[in-house]
Structures are given as structure tokens and as C-alpha cells.
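Residue numbers (the numbering used here): 19 to 407. As C-alpha cells, the structure follows; a few thoughts come after it.
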Ligand code: SF4
């Protein structure tokens with residue numbers, strides 16, 4: 019039986035952060051129970067449609083999944099166990115906002131089987147937290163880590179953001195040092211992406227908030243991230259992710275390796291049995307779909323073989339260990355070197371790419387110019403018709 023991963027989207031938030039364009043909504047708590055029932059119903063419908071599968075990782079993402087009660091998480095996990103063969107050592111992650119945690123809820127999530135907590139800390143600087151509209155302070159974030167440990171979470175990630183308006187390299191250093199002092203098992207350090215249509219983007223554009231850090235400041239922050247994580251013995255295994263030994267996020271590796279996953283909940287994406295499909299990101303449309311067991315969305319996706327080859331490279335090259343070249347050749351009937359002969363030769367020659375034990379990866383210098391490498395791969399792919407099996 020095939021092993022897949024399961025993503026469950028919980029689109030509830032206390033309030034929208036200024037930079038956020040995720041599929042999440044504030045002010046829908048009154049419909050929380052209806053949403054949980056819809057998700058459980060969708061899990062049952064998908065399991066019936068796709069047939070029995072083993073599940074190796076589950077990720078309750080958001081939004082703010084920690085706005086669910088322990089009983090609601092228990093019900094979702096009971097449904098997963100009833101519909102799939104949940105592996106005994108499955109990694110079961112839940113994202114949480116430090117402003118929403120209680121010891122009681124955390125203990126209930128642990129009892130429901132959640133064994134990894136990913137806390138959206140973002141910064142440990144109170145002024146920056148307020149500027150980006152987070153609902154918690156740095157002290158609450160530190161308290162959340164302590165409560166999570168007390169509740170029995172042995173596998174803990176902290177999400178941090180760099181490149182915030184007005185943020186200096188010194189502030190980033192302080193945040194990262196304070197985060198490391200909390201001894202998480204995993205750190206995700208994401209650069210802010212100014213998404214169009216968000217309040218933060220409007221403020222930056224209008225000049226009504228502090229300006230974004232310049233290129234030099236960002237380079238300094240990146241260098242600090244590399245140095246401080248290394249000194250604290252977190253190994254970088256992906257562009258933005260660092261882990262203590264054996265604590266790399268197994269669920270995210272499934273995405274970067276383009277392995278099969280099923281996404282349930284509003285706006286969730288799936289890649290299963292060669293089908294690519296998406297749930298509606300609109301609240302009512304999703305509930306209507308789930309409550310009517312509508313399987314119409316399971317139409318074949320539109321991505322071509324070339325799209326899939328490019329995606330395999332784009333996702334795989336995010337990892338320090340790169341792309342599994344042998345699996346690529348097996349799946350597409352064509353070696354990577356035959357799909358991109360020019361770019362691979364150029365990148366290898368200029369020291370941006372290398373190969374080892376059937377994996378092709380970007381060197382540290384290559385990682386710094388990843389977007390440029392991807393553009394070259396795309397251009398070469400677009401420049402010729404593909405052939406082969
Ligand atoms: S808590 Fe997360 S999902 Fe919710 S608004 Fe903030 S960034 Fe977006």
C-alpha cells in the first residue's frame with residue numbers, strides 16, 4: 019500500500035497579520051465546529067475515492083490550527099485513523115500561534131497524537147511584532163515554548179521572519195540568538211515576501227511605515243543566519259530550514275521531493291495518483307463542496323510532463339541535498355542532463371551546481387542565486403520541444 023502525506027488546512031485566525039495573503043479568515047470562530055465537521059467529511063470522501071493508503075506524515079496548517087479545541091483536533095485525528103492506515107511513527111505537526119495557546123489545549127493536542135508543534139514566532143522584538151500585526155509579544159512566544167515542552171512536545175519548530183520593515187541586522191541577530199536560546203529542534207527563517215494587496219505592501223508602497231532593509235542589510239542577516247545556526251548545531255537542509263539531527267520536517271520534505279500528498283480543507287492542494295487538484299479557497303464554496311461530498315474537483319490537473327519535470331527541479335533544488343537524479347530518470351524516462359544539457363554544463367562549470375551519489379544540487383554559492391538558476395532552467399526548457407518516453 020502506498021504511503022502518502024496528509025495536509026489539513028485550518029483557515030481560522032484571530033486577526034489577519036499585515037503581511038499575510040494565506041487562505042485564512044478572522045471572525046469565523048462561530049463557524050469553527052461546522053468547518054471541523056466539513057473537514058472530517060472531506061477526509062472520509064477522499065479516502066473512499068482514493069482507496070486505502072498509509073499515511074506517514076500529517077500537517078495541520080493554517081491559519082491558526084491552535085484555535086481548535088483539543089476535542090476538535092481529536093475528532094480530526096480519529097477520522098484520519100479511521101480512514102487511513104496512520105503509520106505508528108507518523109510525524110504529526112500542528113502549526114500554532116503563541117497568542118492562542120493554553121497548557122490544557124497543548125496537552126489535549128498531544129493526547130490526540132500531535133507530536134510536532136510549529137510555532138509562528140516571527141520575531142522576538144515587540145516593536146516589530148506590533149508593526150506586522152502579530153497578536154502576541156516576545157514574552158508570550160517564549161512562554162509558549164515552555165508550555166509546549168511541559169505538555170510533552172519533544173519536537174518543536176519556531177518560524178522566524180527576516181527582512182521586516184525597519185529591521186536591522188542587529189535586531190535580527192538578537193531575535194535569532196533569543197530563539198536559539200529557547201532550544202527548539204528546528205528553525206525556519208523566512209524572508210518577508212511583500213504580497214500584493216496586503217496592508218503591509220500598501221504601507222511600504224505609500225511610505226507610511228519604515229522602509230524594507232536594503233540589500234547589504236539583508237546579506238548581513240543571511241550571513242548571521244548561516245553563522246548562528248551553524249554554531250548552535252542546526253544543519254541547514256533547505257533554503258530556509260535548519261534542524262537538529264533527525265529533526266528535519268518529514269512532511270515538508272515530501273513537498274520538496276514531489277512525493278504524493280492529499281490536502282483537505284479550504285484551498286488545500288493535492289498531488290495524488292498523477293492528479294493535481296485544488297479545493298476552493300472561498301469559505302462558502304469549500305463548505306458546499308465538502309458538505310455535498312462533491313468530487314467534481316478531482317478533475318485531471320492541467321500541468322504537463324514538462325511542468326512536472328521543472329517542478330521536480332525547482333522543489334528539489336531548494337534542498338541542500340538537491341534532486342534525486344535516479345528517480346527523475348525513472349519517473350520521466352529521461353536523465354536530467356538530457357533535459358537541461360546547456361544549463362547543467364554551465365552551472366557546473368561556474369561552480370553553482372554539483373552532483374554526488376545520484377543527486378544534483380546547488381552549491382552554497384548556487385543557493386544564493388537560485389532564482390537565476392531556475393530562470394535558466396525554464397528558458398532552456400521553453401527553447402526546445404521535449405521528447406522521450
Ligand atoms: S496567524 Fe498566520 S495565517 Fe493567520 S493572518 Fe497571521 S500569518 Fe496569516
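Cβ atoms here follow ideal geometry from the backbone N, Cα and C, with glycine treated the same way. Since the model is a prediction, treat every value here as computed from it, not as a measurement.
Between the stretch 128-146 and the stretch 171-178 there are three or more C-beta pairs closer than 8 Å, enough to call the two in contact. Segment contact: the stretch 80-87 against the stretch 28-40, three or more CB-CB distances shorter than 8 Å; contact assigned. Residue environment analysis places residue 204 among the buried positions, since at least 16 neighbouring C-beta atoms fall within 10 angstroms of its C-beta. Taking the CA atoms as reference points, residue 67 sits about 10 Å from residue 61.
Relative to residue 278, the option among 71, 48 and 153 whose CA is nearest is 71. According to the DSSP assignment, residue 304 belongs to the alpha helix (DSSP H) that extends over 301-309. The beta carbon of residue 346 sits closer than 7 Å to the beta carbons of 330 and 354 from its chain, once the five residues preceding and following it are set aside; these are given in chain order. One thing to note: residue 136 has its Cβ no nearer than 8 Å to the Cβ of residue 193.
Contact between residue 338 and residue 26 fails: their C-beta atoms lie close to 28 Å from each other, not under 8 Å. Contact between residue 178 and residue 139 is confirmed by a C-beta separation of about 6 Å, below the 8 Å threshold.
When secondary structure is reduced to three states using DSSP, residue 377 falls in the strand class. For residue 79, the enclosing beta strand (DSSP E) begins and ends at 72-80.
Residue state for residue 371 is assigned as strand, using DSSP reduced to three classes. The DSSP-derived three-state label of residue 295 is strand. Residue side-chain check: residue 42 places its Cβ nearer than 7 Å to a non-hydrogen atom of the ligand SF4.
Rounded to the nearest whole angstrom, the CA to CA distance from residue 272 to residue 23 is 7 Å. In the pairwise beta carbon analysis, the stretch 377-387 is classified as not touching the stretch 295-312: fewer than three pairs are separated by under 8 Å.
Rounded to the nearest whole angstrom, the CA to CA distance from residue 217 to residue 38 is 9 Å. When beta bridges are read from the DSSP output, residue 22 appears opposite 73. Within the same chain, Cβ atoms closer than 6 Å to the Cβ of residue 392 are found at 332, the five residues on either side in sequence being excluded. By the neighbour-count criterion, in which 16 or more other beta carbons inside 10 Å mark a residue as buried, residue 367 falls on the exposed side. Cβ atoms of residue 181 and residue 209 come within 8 Å of each other, at about 5 Å. For residue 289, the number of other beta carbons within 10 angstroms of its own is at least 16, and it is reported as buried. Runs of the alpha helix (DSSP H) lying entirely within the stretch 233-296 and spanning at least 4 residues, in chain order: 233-249 and 268-274. Remark: the shortest separation between the CB of residue 207 and any heavy atom of the ligand SF4 does not fall under 7 Å. Annotated three-state conformation of residue 167 is helix, per DSSP. By the criterion of a C-beta distance shorter than 6 Å, residue 227 is surrounded in its chain by 183 and 221, once the five residues flanking it on both sides are discounted. Residue 339 carries a coil assignment under DSSP once its states are collapsed to helix, strand and coil. For residue 66, the enclosing alpha helix (DSSP H) starts and ends at 50-68. Taking 7 Å as the cut-off, the C-beta of residue 115 counts as close to a heavy atom of the ligand SF4.
With a cutoff of 8 Å on beta-carbon distance, residue 328 and residue 399 are scored as near each other.
Our two residues, residue 36 and residue 21, have alpha carbons roughly 38 Å apart in a direct line. Going by DSSP, residue 175 is part of no alpha helix (DSSP H) but of the beta strand (DSSP E) stretching over 174-180. Following the DSSP letters along the chain, one finds residue 224 inside the alpha helix (DSSP H) bounded by residues 217-224. Between residue 147 and residue 190, the gap from beta carbon to beta carbon reaches 8 Å or more.
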